[in-house]
Amino acid sequence: MLDTLRLTIPAEYFATEDVIWMQRQMHKLTKTDFTGSSTDWSICTGLDLPSWADSFSLTVGSRITVEASPKIYQGHNIDGPQTLREAAHRIIDFVFGSVLRLASWPSAARWYVARLDVTYSYDFVTRAALESWFDTVAGIQRGQRRASVDVRANDDPLAVHAAPSGRTLYQGLGSRLKVGKIYCKGADLRAHPPRCLSADKDFLDGLVEEFQPIARFECQLRASWLSLQACRLGLLPAHMSTDLMGLLLENAFPYLESRGMVPLKSRNAKKPIVYFTVAYLADYLDLNAVWDSEFSHLFAREVAMNDDTLIKELLSIAPKSGQARAAFEFYAMVRVLGFSAARAAVSKSGFYRYRRLLGLAGVSDAMLQDGAPLIRSAPSVVNVRAFTPRRERLDLVEQVHAHYLPANIDRLHAEVFRRSA
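Throughout the sequence shown, residue numbering follows this note's numbering, covering 135 to 555 in sequence.
Here it is, written out as structure tokens:
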């Protein structure tokens, strides 16, 4: 499903009087306390809650930027929209129509994507099996592609934090480009329950128990990453990939205009960004492929390999035979010298190229670091399968959320906006 979206658009797409009104209300929606932490007004409870609750953030200036998840209109983000178009339309229409009650606003298809979260859920049958898998992944990922984790009180950077929401494994934690995240959905629901269920403990306990063996995989993509990877992802022609970023912008804008998209200029002069609209990404971006590139290596099948089968596999996937042989020689060097010495013996770009090719050929990060025998082994358990939640409980959550929404939105206008419906 599509979870959190950050969408932005030039303010000129809105009526001037609406922009002025939103600017007056913006500080009432988003507040900053003495620590610098930002909280958002919740449309469900009226309290100041963090963004993971059921609120949204709104920034109004030369651009209008809104960030929200399906929680704001359905009360939960366990399941939700499966396409970017649907997710964007539901968020934009709800925020500017149902909540802010504007007379008109730009269609969601015209908004530019600054962030999008792609999520999948997998059923590990039991919570114990899921925790065991977490142990395996945390060990395998240590090194060049480790699953960074929350830090314990003793500041051990390799520890897994047993927080109320359970432990969360990250890939690329802190990156402004792309971040992968894996956590137990049941523990997350326990720590961050749907606000509309706060008074029904028994129902909430049942919902939490149902999701104890469920692992949630989230891939958070930023506009900066989409811009850097635009040619590889098929968003821009491949021949533009050799351009410097400044030249890429100059060439991308005419190309996007020819496709009917009005380019949005980046504010960052040092690292310019090519922004893509919801409609453009919906047509050209393969979100399943993006998610696979982030997490599929964690679900490799167990297949026996030897040196002959590895070199054949490398030759079949490498652009050039010389690159395949160089990657194989690097792996042989790991066996002889060890991972650290072998990595130091090659260039940084060469290492990442070899690692990528070896990974595509089935050599996991653990095998690469240890020089392990050539067995493609999955850090997985038996019977792991993609998970689709049952609708009975979710329908009830959405019904309760929808029941309270009208009164809460009226209260928002009366107490926060001080504007009559």
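The C-beta atom is built at its ideal place from N, Cα and C for all residues, glycine as well.
One question on the structure: do residue 371 and residue 389 come within less than 9 Å of each other, judged by their Cβ atoms? Taking 9 Å as the cut-off, the beta carbon of residue 371 is found closer than this to the beta carbon of residue 389.
Tell me the rounded alpha-carbon separation between residue 222 and residue 452. Going by the C-alpha atoms only, they are around 38 Å apart.
Please classify residue 549: is it buried, with 16 or more other beta-carbons within 10 angstroms of its beta-carbon, or exposed? It is exposed - the Cβ of residue 549 has fewer than 16 other Cβ atoms within 10 Å.
In this structure, how does DSSP classify residue 330 when only helix, strand and coil are distinguished? In the displayed model, residue 330 falls within a helix according to three-state DSSP.
Residue 310 vs residue 358 beta-carbon contact at 9 Å: The beta carbons of residue 310 and residue 358 sit closer together than 9 Å.
Let me know the secondary structure DSSP gives residue 540 once reduced to three states. When secondary structure is reduced to three states using DSSP, residue 540 falls in the helix class.
Extent of the continuous alpha helix (DSSP H) to which residue 483 belongs: Run containing residue 483: 482 to 495, per the alpha helix (DSSP H) assignment.
Buried or exposed for residue 486, please, with buried defined as at least 16 other CB atoms from any protein chain shown within 10 angstroms of its CB. Flag for residue 486 reads exposed.
Best match in 432, 479, 473, 484 for proximity to residue 456 [C-alpha to C-alpha]: Checked all of 432, 479, 473, 484; the closest Cα to residue 456 is 484.
Assign residue 305 to one of two classes, buried (16 or more other C-beta atoms within 10 Å of its C-beta) or exposed (fewer than that). Label assigned to residue 305: buried.
Only counting the same chain, and skipping five residues up and downstream in sequence, which positions put a Cβ closer than 8 Å to that of residue 290? Any answer about residue 290 is weak, because its pLDDT of 36 lies below 50 and its placement is not dependable; what the coordinates show is given next. Within the same chain, residue 290 has no close Cβ partners at all.
If I measure Cβ to Cβ from residue 282 and keep anything under 6 Å in the same chain, skipping five residues before and after, which residues do I get? Interpretation of residue 282 is limited by its pLDDT of 36, a score under 50 that renders its predicted location unreliable; no figure is taken from the coordinates.
Can you grab the Cα-Cα spacing for the pair residue 280 / residue 449, in whole Å? Summary for residue 280: the model assigns pLDDT 35, below 50, so the residue's position carries little reliability; its value from the coordinates is reported in the next sentence. As the crow flies, the alpha-carbon of residue 280 is around 27 Å from that of residue 449.
Suppose you measure from the CA of residue 332 to the CA of residue 518; what does that come to, to the nearest Å? Rounded to whole angstroms, the gap between the alpha carbons of residue 332 and residue 518 is 31 Å.
Taking C-alpha atoms, which residue in 214, 361, 137, 412 lies nearest to residue 243? Ranking the options by Cα distance to residue 243, first place goes to 412.
Rounded to whole angstroms, how far is the Cβ of residue 350 from the Cβ of residue 203, which I believe are closer than 8 Å? Not confirmed; about 13 Å, so no contact.
Which residues bound the alpha helix (DSSP H) around residue 441? If you look at residue 441, you'll find it in the alpha helix (DSSP H) that goes 441 to 451.
Roughly how many angstroms separate the alpha carbons of residue 313 and residue 469, rounded to a whole number? Taking the straight line joining both Cα atoms gives about 31 Å.
Less than 9 Å separating the beta-carbons of residue 233 and residue 143? Inclusion of residue 233 and residue 143 in the CB contact set at 9 Å is not warranted, their separation being larger than that value.
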